[in-house]
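Report on the structure given below.
Numbering (full-length UniProt numbering), first residue to last: 1 to 329.
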């Protein structure tokens, strides 16, 4: 990377993180897009970002499209590059912004995957252990440490899935929750969303019970097992609501694995990942008559248009029900 490009990259990263208050995940995505453009420009003989023309950017996007990149990714990459050059012009690195006349790709309106009520019930139903007792997550006297740890992990997974579905929060918001953010008496949780914006989200009794079980038994057991582990001794681990087996704050990949494995076990859906629970929560709220603005507030959407996507899902589900049940459908 040339010294000029390094200067651009470092300055742009500071701008995103400090001035725009963009989340670390978004910063990584934007910088990845910048690296992608830089690699392409280098192959074209362009060493510095300041030498970029509109023709270069159009050729880059065309190459991306030809390689099979989705329209959504293409749109995000274009947005990243627009931000880069707008920032560079503001900082005086360039006098003209080559991305101004770059046309955005038309995005397909893709409806998010949503679980049916019966699928959701099976997903969150506690599994039976070998003795037929459904009280997993409750370590008992005389059990091996390994067995107790397994039950504690199950208790954690159950609480995470209940909370994800009850609140519709993002996986990044879930892993950032501290014990002090939780109010079991009032059934609300404080979450920190995009741009470090905080909101308070309600949840129901099933989630409260699962969280109470996790805090009373599962979390305590994992902490006890991991007390000599370095990751468990940090202040962050002591504060975190959800923990990994070694006692450190759970990460997004671990949560994705847990939810995806449960979804796979359903056997009748190809949906994967915790975002499915966010989509499902939003759709089920609207199906139940919740106000669109209230759902927007719960989900932490800055734009009502984003929340309105779920109304299309609800209408499609209504059409399916009509087609199945009405004699004149």
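Glycine included, each C-beta is placed from N, C-alpha and C at the ideal position.
Worksheet entry | From 187, 288 and 282, residue whose alpha carbon lies closest to that of residue 296 | 282
Worksheet item: According to DSSP, is residue 59 helix, strand or coil?
Response: helix
Worksheet item: So what does DSSP say about residue 135, is it helix, strand or coil?
Response: In this predicted model, residue 135 has a pLDDT of only 46, less than 50, meaning its place in the structure is not dependable; the value taken from the coordinates is given anyway. Residue state, collapsed to three classes: coil.
Item to complete: Measure the Cβ-Cβ separation of residue 33 and residue 67 and say whether it is below 8 Å.
Response: no
Worksheet entry | Opposing strand residues paired with residue 182 [DSSP bridges] | 189
Practice prompt. Give the DSSP-derived three-state secondary structure of residue 198 in the structure shown.
Written response: strand
Discussion item. In the DSSP output, what is residue 271 paired with across the bridge?
Written reply: In the DSSP output, where bridge partners are listed per residue, residue 271 has none listed.
Worksheet item: Closest by CA to residue 303, which one among 3, 217 and 194?
Response: 194
Practice prompt. Measure how close the beta-carbons of residue 170 and residue 278 come, nearest whole angstrom, since I'm counting them as under 8 Å.
Written response: 6 Å
Item to complete: Classify residue 246 as helix, strand or coil using the three-state DSSP reduction.
Response: coil
Worksheet item: Between residue 254 and residue 244, what straight-line distance do the alpha-carbon atoms span, to the nearest angstrom?
Response: 8 Å
Discussion item. Here's the rule: buried if 16 or more other CB atoms are within 10 angstroms of the residue's CB, otherwise exposed. What is residue 42?
Written reply: exposed
Fill in: residue 290 (DSSP reduced to helix, strand or coil)
coil
Discussion item. Residues in the same chain with beta-carbon distance under 6 Å from residue 310, minus the five sequence neighbours each way, listed in chain order, please.
Written reply: 282, 283 and 286
Worksheet item: residue 221: buried (16+ other C-beta within 10 angstroms of its C-beta) or exposed?
Response: buried
Worksheet item: Nearest CA to the CA of residue 208: which residue from 199, 263 and 185?
Response: 185
Worksheet entry | Short Cβ contact (8 Å threshold) for residue 159 with residue 213 | yes
Practice prompt. Go ahead and label residue 52 buried or exposed: buried means 16 or more other beta carbons lie within 10 angstroms of its beta carbon, across all protein chains shown.
Written response: buried
Worksheet item: Taking buried to mean at least 16 other C-beta atoms within 10 Å of its own C-beta, is residue 63 buried or exposed?
Response: exposed
Discussion item. Please tell me whether residue 87 and residue 15 are closer than 8 Å, where the distance is taken between their beta carbons.
Written reply: yes
Worksheet item: With residue 226 and residue 246 assumed to form a contact (beta carbons below 8 Å), what rounded beta-carbon distance in angstroms separates them?
Response: 5 Å
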